[in-house]
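A short write-up of the structure that comes next.
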Amino acid sequence: MSNAAERIIRLRTVLDRTGLSRSTVYRKIAEGTFPRQVRISEYCSGWRESAINRWIEDPVGWRPEAEAKRP
599 MSNAAERIIR
609 LRTVLDRTGL
619 SRSTVYRKIA
629 EGTFPRQVRI
639 SEYCSGWRES
649 AINRWIEDPV
659 GWRPEAEAKR
669 P
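Numbered by this note's numbering, the letters in the sequence shown go through residues 599 to 669 in order.
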């Protein structure tokens, strides 16, 4: 999928899809076990839908994309 077609989803959608609480999402981000959000504007951020989908497929084995591509 090209980056131009990448959907950005907001926190409410992330919470609904993952079943996690807001505090758990941010704790997991700090631990490096959940995708980081991307800045949309100065006061707004969201998550790449593909990153959230990858996390949902394998929450325990999920790694940041750069790390996941390493042999």
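All C-beta atoms in this analysis are idealised placements derived from N, C-alpha and C, irrespective of residue type, glycine included.
Give me, in chain order, the residues of the same chain whose beta-carbon lies closer than 7 Å to that of residue i; leave out the 5 immediate sequence neighbours on both sides.
i	result
F632	V623, K626 and W653
I638	I606 and G644
Could you pull out every residue in the same chain whose Cβ sits closer than 8 Å to the Cβ of residue i, ignoring the five residues on either side in sequence?
i	result
E604	R646, E647 and S648
I'd like to know whether the C-beta atoms of residue i and residue j end up nearer to each other than 9 Å.
i	j	result
L609	G644	yes
I607	R615	yes
In whole angstroms, give me the CA-to-CA distance for residue i and residue j.
i	j	result
R634	A628	9 Å
E655	R661	12 Å
C642	V636	9 Å
V658	G617	15 Å
N651	G630	16 Å
Does DSSP put residue i in a helix, a strand or coil?
i	result
W645	strand
I want to see whether chain C comes within less than 9 Å of residue i, judged by CB atoms only; does it?
i	result
S643	The displayed structure is made up of one protein chain only, and chain C is not part of it.
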